[in-house]
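Everything below concerns the one structure shown next.
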Amino acid sequence: MKAIRDTRILFGRSMRHILRSPDTIITVAIIPIMIMLMFVYVLGGAIQTGTDNYVDYLLPGIILMAIASGIAYTAVRLFTDVQKGLFQRFHSMPISRSSVLWGHVLTSLVSNAISVVLIILVALLIGFRSSAGILEWLAVAGILLLFTLALTWVAVIPGLTAKSVDGASAFSYPLIFLPFISSAFVPTDTMPTAVRVFAENQPVTSIVNTIRALLYSGSVGNEIWIALAWCVGITVVAYIFAVLKYKKTI
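Taking the UniProt record's numbering, I'd label the letters of the sequence shown as residues 1 to 250.
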């Protein structure tokens with residue numbers, strides 16, 4: 001199919017740029033890793049989470065933070081292509097128009113997956129252990145993939161609309177901060193009422209709780225449906241706005 005072939009070619013183009021400059025992936029992974037080490041070795045002893053090793057409690061939130069950081073580069077890559085006029089050049093060629101966007105989206109999924117693997121490897125070195133089986137790990141991978149896809153389509157919007165590189169990446173700052181006001185680092189029942197209400201009803205908490213349950217208990221209850229609803233809802237809304245803006249841009 002022509003659209004799939006064109007997407008594969010443009011995906012390969014974007015991945016070659018990343019592989020020639022691997023510091024992008026390293027940068028995305030290194031800050032969450034540093035935060036993880038700081039919390040585990042500096043603050044972890046003072047935080048009561050009911051787990052034997054604080055890194056077991058902390059890891060899901062660190063992974064989401066890394067993904068939120070990584071998708072900023074998707075926006076920057078899109079912005080750069082728009083500013084250089086590459087979109088117009090691509091569209092003057094006999095290629096599928098949708099493949100231009102999907103090439104960037106797939107690049108985001110793969111590059112963020114690499115960062116997540118690096119973080120998990122470091123977590124294993126400092127004591128992370130999971131009782132999850134292959135099915136639970138596949139479920140975790142699926143949720144993380146869907147979360148990355150949702151944020152990637154969010155990133156496409158500023159990538160197409162920003163006026164500067166800083167503007168293209170600035171949207172990610174609130175997303176990176178969001179795990180701090182969730183169950184990612186501490187149980188929500190320790191928070192003041194107003195903060196707790198927000199924390200318990202924002203997407204990061206349900207996604208973190210679902211991943212944590214899959215990794216350690218295997219029983220997720222209704223939390224997984226809330227997490228999936230958030231991911232799917234954000235993906236659909238962001239995709240609609242991104243495609244509308246894309247059509248306007250070209």
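Glycine residues also receive a C-beta, built at the ideal position from the N, C-alpha and C atoms.
Under three-state DSSP, which class holds Gly221? coil
Please classify Gln88: does DSSP put it in a helix, a strand, or coil? helix
Is the stretch 183 to 203 close to the stretch 46 to 65, with three or more CB pairs under 8 Å? yes
So what does DSSP say about Met15, is it helix, strand or coil? helix
Less than 9 Å separating the beta-carbons of Ile211 and Val122? no
Distance, Leu151 Cα to Ala229 Cα: 14 Å
Counting along the chain, where does the alpha helix (DSSP H) carrying Leu146 start and finish? Ile134 to Thr161
Taking buried to mean at least 16 other C-beta atoms within 10 Å of its own C-beta, is Pro192 buried or exposed? exposed
For Asp189, three-class secondary structure by DSSP: helix
Just how far apart, CA to CA, sit Gly12 and Trp102? 11 Å
Near Ile207, what residues of its chain come up, given a Cβ to Cβ distance below 8 Å and the 5 sequence neighbours on each side ignored? Pro60, Leu64, Ile143, Phe147, Ala227, Trp230 and Cys231
What separation, rounded to the nearest whole angstrom, lies between the Cα atoms of Gly127 and Leu19? 30 Å
Along the chain, where does the alpha helix (DSSP H) that runs through Leu43 open and close? Unbroken run through Leu43: none, as it is neither H nor E.
Asn222 to Ile31, Cα distance in whole Å? 32 Å
What separation, rounded to the nearest whole angstrom, lies between the Cα atoms of Val243 and Gln202? 25 Å
Contact set for Pro139: own chain, Cβ-Cβ below 7 Å, skip 5 residues either direction: Correcting the residue type first, residue 139 is Ala in the shown sequence and not Pro. Around Ala139: Leu214.
Exposed or buried, what is Phe39 when buried is set at 16 or more other beta-carbons lying within 10 Å of its beta-carbon? buried
CB of Ala68 within 9 Å of CB of Ser172, strictly: yes
In angstroms with no decimal places, state the Cα-to-Cα distance between Lys247 and Gly70. 25 Å
So, using beta-carbon positions, are Ala141 and Tyr216 closer together than 9 Å? no
DSSP three-state call for Ser183: helix, strand or coil? coil
If I measure Cβ to Cβ from Ala238 and keep anything under 6 Å in the same chain, skipping five residues before and after, which residues do I get? Trp153 and Val154
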